[in-house]
Amino acid sequence: MMLNSFLPKIEQRYVFVGSAVGAVLPASFFFIARYTGYDGSFLSWASANPSQFTLAAMPAWMGLVALQFARNRRRQQEVEEARRQQEQRLLHDALHDHLTGLKNRAAFHSTARRIAAEGDTYALMLLDLDKFKLVNDTKGHQAGDQLLIEIAARLRSFEAAHDNLTVFRLGGDEFAIFVRAAASRDQLSGLGEAIANLICEPVSLAEGTVEVGVSIGISEASRAAEPIEDVMQRADLALYSAKDRPSSACMFYDRVLAEASLSRLEMERDLASAISKGEFMLEFQPILASGDGRVVAMEALLRWLHPQKGLMAAERFLPAAERCGLMRKIDAWVLNAACIDAASWPDQVAVSVAVSKAKFEDDNFPAYLVRCLDKSGLPPQRLTVELSENVIALGMERVRERLAQLHALGIRVTLHDFGVSLHALNQVIKMDVDGLKLERSLTQSVLTDADGAGLLDAMMEFGAALKVANANANSPQDRGNTIDFVRHRGASQVQGYLSSTPIPASGVAEFIAARRAEEAPRRA
16 MMLNSFLPKI EQRYVFVGSA VGAVLPASFF FIARYTGYDG SFLSWASANP SQFTLAAMPA
76 WMGLVALQFA RNRRRQQEVE EARRQQEQRL LHDALHDHLT GLKNRAAFHS TARRIAAEGD
136 TYALMLLDLD KFKLVNDTKG HQAGDQLLIE IAARLRSFEA AHDNLTVFRL GGDEFAIFVR
196 AAASRDQLSG LGEAIANLIC EPVSLAEGTV EVGVSIGISE ASRAAEPIED VMQRADLALY
256 SAKDRPSSAC MFYDRVLAEA SLSRLEMERD LASAISKGEF MLEFQPILAS GDGRVVAMEA
316 LLRWLHPQKG LMAAERFLPA AERCGLMRKI DAWVLNAACI DAASWPDQVA VSVAVSKAKF
376 EDDNFPAYLV RCLDKSGLPP QRLTVELSEN VIALGMERVR ERLAQLHALG IRVTLHDFGV
436 SLHALNQVIK MDVDGLKLER SLTQSVLTDA DGAGLLDAMM EFGAALKVAN ANANSPQDRG
496 NTIDFVRHRG ASQVQGYLSS TPIPASGVAE FIAARRAEEA PRRA
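Quick note on my numbering: the sequence shown kicks off at 16 and runs consecutively.
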C-alpha cells in the first residue's frame, strides 16, 4: 500500500521491484568476496572481475525487463477495462431505454422474474399518457420526445423518494411501476394519485407549454410467484377501464369492469380486420322532399355483420373505431362503397355519407373524394358529405378552407345532428354548408311536447336564415301528421322513420321505383 502511494504508476513499481531483485545477485557475490578477505570497493571488485561486472549491471537490466513487463501489463489491464466497460454499456443499453434512461421492457421482465423467484408480494401499475398523440401531431415528434424525457425525469425522482418502487418505460407513452410489499389499496391509490398529479403538471417545451393526463391501471399479485403475464393482463384491463374515464384516472382491476373492457378490446381487435374480411355492408335510408314526397337522396348507413355477434348498427362499434384510430380507414371504405352503389341509381337521386372529423381533417380527403367519384362514375353534385358539429374543434379557418375545397369539386356539404350543442350556433353561422339536419330528438318531441315544437320552430328559422333545413325524425308514430307538421315549419326534406326504415343496398332501386309509382297520382 505504501509502495502504491510513493509510486502511483505501475511502471514505476515494476522498475523498482525489478531493480531491487536485480541488485540482490551481484550484491551477494560482492559480500561473499568481502567475507573471503577482499577489502576493495564494489567498483574495483567489479573491474577486477569482468564476469562479475556483468552482474553489477543486473539491477538496470532487471529494471528494464520489469518496465517492459509493466507496460504489457498496463496494456492488458486497459484492454480488460475497455472490454468490461463495453460489456457494462451493452448491458445498460440492453436494460435501459435510450431516450429517457429509464429501465426498459427487457429489464421489466427480468425484474418480474426475480421478484417471482424471491416470492415477494407486489402490485403492478401500468401508466398510459393521455393527449400524447395530440402533442406529437400538433407540435412534432421532437416535442413529443422532450415531453417523454420530462415525464421520465419526474417518475425517476418519484422512484428515488420511495424505496419500494421501480419505474420502467415499456415503449411509446407507456410506463410501468412495480410496487413491492404493497400494504393496502388505500396506499396504492394514494401512490397513483400522487403520480397522476406529478405527471399532470404543465410541461415547458421549446414549442410552448403543454399539459397531458395519465390513465393508471393497478393489479395486485394474488399469490407469491404468480406469473407476471397474469398480473400484467389484469393491470392492462384496469388501464383500459381507466382510459374510458373523461379525465386522468386510477383504476384497480375489477372483474365486472374487466369483462366490459375485454369485450371492447375484442371488438377493437375484430374491427381491425373487418374491412379485409368483407364484414362491412351498407344500408340506405331515404331522404324525401317534404312537399311531394319524392326521393331526393339516400343516406348511407354502415353496418357490421360480425361472425359471432350478428348485424350491428354503427352506433355500437364506431366509438371503438375512434379509440383505436380506425375512423379514417372506415370512412374511406364507406365513401367508396356508397359512391359505387349510388352510381347505379336514377340520375336525380343523390347519396349522403357521414364523415368523421378525423377523415375531414385529412389533407388527402379532397383527393380521395375525387378518386371515389372517378372510380364509380358518380357525378360530384350527387354526393353529399355530412359533418358533425365537432369539426368546429379543428378551427374555423381550417374548416372553411376545407369546405371551399369540397364545394370547388361540386360536392354538397351538410351539418347533421344540428341543435345538439346550442353553444356552437355562433360558429355554425360562419360555416358555408348547404343544409342542416336537425337532431332527431327535436322532431321526435313535436307530437307530444309543446316546448319541443317551439324549439323546432326556432331551429327551422335559424336554418332558413342560412340555407336549407333538413328535418331528421326517427319516430314511427303518426307518420303523415309529422311530415305535414315539419313541412309547415319550413323543412324541405324529411328522413328517418318519416320516410322509411333502412333499406339494403340491393333494394334501393326497387324502393325508388315503387316510391315514384306511389307519388305519380298525387303529382297528377
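Here a beta-carbon is modelled for each residue, glycine too, at the ideal position from N, C-alpha and C.
Quantities reported herein were computed from a predicted structural model and do not represent experimental measurements.
Opening and closing residue of the beta strand (DSSP E) in which residue i lies
| i | result |
| --- | --- |
| Leu-286 | First-last for Leu-286: 270-289, but that is the alpha helix (DSSP H), not the beta strand (DSSP E). |
| Asp-145 | 137-145 |
| Glu-189 | 189-195 |
| Met-266 | 264-267 |
| Ala-328 | 325-328 |
Beta-carbon proximity of residue i to residue j, cut-off 8 angstroms
| i | j | result |
| --- | --- | --- |
| Tyr-255 | Ser-234 | no |
| Ala-336 | Leu-316 | no |
| Lys-372 | Val-406 | yes |
| Leu-402 | Leu-430 | yes |
| Met-140 | Gly-207 | yes |
| His-321 | Glu-294 | yes |
| Ala-194 | Asn-179 | The residue asked about is misnamed: residue 194 is Val in this sequence, not Ala. Against a cut-off of 8 angstroms, the Cβ pair of Asn-179 and Val-194 comes out as a contact. |
| His-111 | Leu-117 | yes |
| Ile-527 | Val-310 | yes |
| Val-366 | Met-313 | yes |
| Leu-185 | Arg-120 | yes |
| Val-227 | Glu-165 | no |
| Ala-196 | Asp-143 | no |
| Glu-342 | Lys-374 | Correcting the residue type first, residue 342 is Met in the shown sequence and not Glu. In this structure, Lys-374 lies closer than 8 angstroms to Met-342 by Cβ. |
| Thr-115 | Thr-181 | no |
| Ala-191 | Phe-183 | yes |
| Ala-253 | Met-266 | yes |
| Val-523 | Trp-360 | yes |
| Ile-214 | Arg-169 | yes |
Secondary structure of residue i, DSSP reduced to three states
| i | result |
| --- | --- |
| Ser-403 | coil |
| Ala-369 | strand |
| Cys-339 | coil |
| Ile-426 | coil |
| Ser-234 | strand |
| Leu-206 | helix |
| Thr-181 | strand |
| Val-311 | strand |
| Gly-116 | coil |
| Pro-519 | strand |
| Gly-410 | coil |
| Val-229 | strand |
| Lys-452 | strand |
| Val-218 | strand |
| Ala-240 | coil |
| Ala-109 | helix |
| Ala-419 | helix |
| Gly-358 | Checking the sequence, you will find Ala at residue 358 rather than Gly. Looking at Ala-358 - three-state DSSP - the assignment turns out to be coil, as it is neither helix nor strand. |
| Glu-541 | Within the shown structure, residues of the chain are numbered from 16 to 539, placing residue 541 beyond reach of any answer. |
| Ala-529 | helix |
Anticipated Cβ contact below 8 angstroms, residue i with residue j, distance rounded
| i | j | result |
| --- | --- | --- |
| Pro-381 | Leu-424 | 6 angstroms |
| Glu-283 | Arg-338 | 7 angstroms |
| Val-229 | Asp-145 | 6 angstroms |
| Leu-163 | Asp-188 | 7 angstroms |
| Pro-519 | Gln-300 | Pro-519 to Gln-300, Cβ: 11 angstroms. No contact. |
| Asp-346 | Val-370 | 5 angstroms |
| Ile-426 | Pro-394 | Not confirmed; about 10 angstroms, so no contact. |
| Leu-236 | Val-246 | It should be pointed out that residue 236 corresponds to Ala in this sequence rather than to Leu. So it is a contact: roughly 5 angstroms between Cβ atoms. |
| Ala-352 | Gly-392 | About 14 angstroms; that fails the 8 angstroms criterion. |
Where the alpha helix (DSSP H) containing residue i begins and where it ends
| i | result |
| --- | --- |
| Pro-381 | 380-391 |
| Glu-244 | 243-258 |
| Gln-161 | 156-175 |
Any non-hydrogen atom of the ligand SAM closer than 7 angstroms to residue i Cβ
| i | result |
| --- | --- |
| Pro-519 | With respect to small molecules bound, the structure shown includes none, and the ligand SAM cannot be examined in it. |
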